[in-house]
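Read the structure below first, then the notes.
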Amino acid sequence: MRSLTLGHYLPGNSLLHRMDPRVKLVSLLVLIIALFVIETFLGFMLFGSFIFMIFLSTRLPWRYFFRGLRPVFLIVLITLILHFLFTKGGQVYVRWGPLTVEEAGIYLGSFMTLRLVLLVTTTVMITLTTSPIAFADGIEYLLRPFRRMGVPGHEIAMMMTIALRFIPTLMEEGDKIRKAQMARGADFETGNIFRRARNLVPLLVPLFVSAFRRADELAVAMEARCYRGGQGRTRLRELQARPLDYYGLTTVTAILVFIILTGV
Amino acid sequence: MRSVLLDLKDVTFDYILENKQSLRAVNDLSLQVEEGEYIALIGPNGSGKSTLARLLNALLIPLFGEIQVDGFATRVEEHRWEIRRRVGMVFQNPDNQIVATTVQEDVAFGLENLGVETSEILQRITESLNRVGLSAYAEHAPHLLSGGQKQRLAIAGVIAMRPRCLVLDEPTAMLDPRGRKEVLDTIHSMNRQENITVVHITHFMEEALQADRVIVMHRGEIAAMGKPETIFNGSIDLHLLGLEVPPIPRLAEMLRAEGLTIPTGILDTDDLVSYLCS
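Taken in order, these protein sequences are the chains called A and B. Numbering-wise (our numbering), the first sequence opens with residue 1 and increments by one. Numbering-wise (our numbering), the second sequence opens with residue 1001 and increments by one.
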């Protein structure tokens, strides 16, 4: 749980930190599209150095960057191995029994790996610099046009906020239940993985029951405070795009256009 | 003459149970609460106190009878929001009524729902946090607050909406003595300084002693009603209604039985001490 950096937020005061969450979300989308349009290693290099520069400007510690890559490390490795072994074509570099590593495999493998690493890096960089609440606000705003198609943007944002609000509360409660069950002789620490998973049942059942009860009470409390969905609601934090945000958006769009036009 | 804020006429409410049977929670109850009054609502578990509270701000609608809040009937759906902005509710569990991830945003929640302008919201947040003494915590995450602070935050969130009436459903039941005192002081100052009507449901008889009027509920009906002095002077058998007599009135009663002449209306330690020593 603690090593999962995706969605972890590190407060700061860099340009990227101060950008409007809506702009960051759209920019992320544009950059991801750009990543999939890139066709050459040169393109990746240019893209990578752009991301690298932004990363330096955020002054995030390097370890967070690597921690963010950790969850996808296995996927990257598997991609690399599969391509090396099974993509055929061009010169044969290694022959080992029936297995061969050929030119096309190495090329495509490293290409895909680079794309994946850059994709994760970009995303992690955005999530590290955007508070989850700002994210929720941004998502709510960006989904607004799709309201008519039945996309519940406000509800999604409200759910995110409430989830964030209750994560610490439920963690505390989980800890309390764990201790209570341990006091009655429950064992959470020994045995193989299946045994341990099964031993978690007496922890999870009360936690779920209590979560449902909380949800019920919270719904009543929200209704008592005149909550009636997103309509006619004002916001304490009104999102406001500043010149910085327009520069940022222009830059990423320019990058995408450049990649498409030059075909790098 | 103060005006009537809450007007309940022959109110009955049933819960429908899972097996389709109905359970009567409030039975043919009539009550008028005046503007600025402090009402303590006591009664054993299942006597209909909480149901009554939920009926007051249209979270529940009576089966029979009529409830009017400041002239708005709870039965009319269009009035519901007008009623809820007039009658603010604070619940028992401090955790389960805080919505947002910071203190100030939680105070803002109700105001956002009402569609108040951002500048006005900011002003009212400052104001309400000042009133409950949480100004220093505006940016804090709610789970870092103590129980008493959480309840005061809940009160701040409600008074930011400028209600006429505060309904509190056992707001101190889950708090330690210090938290209880904080919350009680806050409620009393709201009542005295802002003239906000208070309906305070409680299990603690000491809390009821400070009310203008005590209502004892039993099986969905009002079993007794009056000033704390008359409710706790021994004339009503609270034991029979499943309640405990608070310590000082009980002591006064025992002394009376021993032959001392103790006037009724002595409810707290100071009164009793000063009477016995005079």
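C-beta: ideal position from N, C-alpha, C; glycine also. The model shown is predicted, which means the values in this text are computed figures rather than measured ones.
CB-CB length for residue i against residue j, believed under 8 Å
| i | j | result |
| --- | --- | --- |
| residue 18 of chain A | residue 244 of chain A | 7 Å |
| residue 132 of chain A | residue 9 of chain A | 6 Å |
| residue 1171 of chain B | residue 1183 of chain B | 6 Å |
| residue 214 of chain A | residue 1099 of chain B | About 12 Å separates the two Cβ atoms, so there is no contact after all. |
| residue 226 of chain A | residue 1084 of chain B | 5 Å |
| residue 1047 of chain B | residue 1220 of chain B | 7 Å |
| residue 1051 of chain B | residue 1013 of chain B | 6 Å |
| residue 125 of chain A | residue 32 of chain A | About 12 Å separates the two Cβ atoms, so there is no contact after all. |
| residue 143 of chain A | residue 153 of chain A | 3 Å |
| residue 1210 of chain B | residue 1179 of chain B | With a Cβ gap of about 17 Å, residue 1210 of chain B and residue 1179 of chain B do not count as contacting. |
| residue 1097 of chain B | residue 221 of chain A | 4 Å |
Element boundaries [alpha helix (DSSP H), containing residue i]
| i | result |
| --- | --- |
| residue 126 of chain A | 103-129 |
| residue 1230 of chain B | 1228-1231 |
| residue 148 of chain A | From DSSP, residue 148 of chain A is part of no alpha helix (DSSP H); its letter is neither H nor E. |
| residue 1159 of chain B | 1147-1159 |
| residue 157 of chain A | 153-183 |
| residue 1181 of chain B | 1177-1193 |
| residue 1134 of chain B | It is not in any alpha helix (DSSP H) - residue 1134 of chain B carries neither H nor E in the DSSP assignment. |
| residue 199 of chain A | 193-199 |
| residue 1257 of chain B | 1247-1257 |
| residue 17 of chain A | 15-18 |
| residue 1207 of chain B | 1205-1208 |
| residue 1277 of chain B | 1269-1277 |
| residue 1105 of chain B | 1103-1114 |
| residue 27 of chain A | 21-37 |
| residue 78 of chain A | 62-86 |
| residue 257 of chain A | 243-262 |
| residue 138 of chain A | 132-143 |
Beta carbon proximity, residue i to chain A, threshold 8 Å
| i | result |
| --- | --- |
| residue 1116 of chain B | yes |
| residue 1101 of chain B | yes |
| residue 1229 of chain B | no |
| residue 1225 of chain B | no |
| residue 1068 of chain B | no |
| residue 1168 of chain B | no |
| residue 1089 of chain B | yes |
| residue 1084 of chain B | yes |
| residue 1057 of chain B | yes |
| residue 1013 of chain B | no |
| residue 1264 of chain B | no |
| residue 1143 of chain B | yes |
| residue 1211 of chain B | no |
| residue 1108 of chain B | yes |
| residue 1093 of chain B | yes |
Span of the beta strand (DSSP E) around residue i
| i | result |
| --- | --- |
| residue 1214 of chain B | 1213-1218 |
| residue 47 of chain A | That residue, residue 47 of chain A, is in no beta strand (DSSP E); its alpha helix (DSSP H) goes 41-58. |
| residue 1023 of chain B | 1022-1034 |
| residue 1010 of chain B | 1004-1016 |
| residue 93 of chain A | 92-96 |
Residue-chain proximity (residue i, chain B), Cβ-Cβ < 8 Å
| i | result |
| --- | --- |
| residue 221 of chain A | yes |
| residue 1 of chain A | Note on residue 1 of chain A: pLDDT 36, under 50, position unreliable in the model; the coordinate value appears next. No, residue 1 of chain A does not count as interfacial toward chain B. |
| residue 217 of chain A | yes |
| residue 227 of chain A | yes |
| residue 251 of chain A | no |
| residue 11 of chain A | no |
| residue 162 of chain A | yes |
| residue 235 of chain A | yes |
| residue 138 of chain A | no |
| residue 238 of chain A | yes |
| residue 214 of chain A | yes |
| residue 165 of chain A | yes |
| residue 232 of chain A | yes |
| residue 61 of chain A | no |
| residue 169 of chain A | yes |
| residue 81 of chain A | no |
| residue 156 of chain A | no |
| residue 133 of chain A | yes |
| residue 20 of chain A | no |
| residue 34 of chain A | no |
Beta-bridge partners of residue i, as assigned by DSSP
| i | result |
| --- | --- |
| residue 1089 of chain B | B:1167 |
| residue 100 of chain A | A:95 |
| residue 1200 of chain B | B:1040, B:1168 |
| residue 1222 of chain B | B:1217 |
What beta strand (DSSP E) runs, 3 residues minimum, are completely inside the stretch 1056-1086 of chain B? 1064-1069
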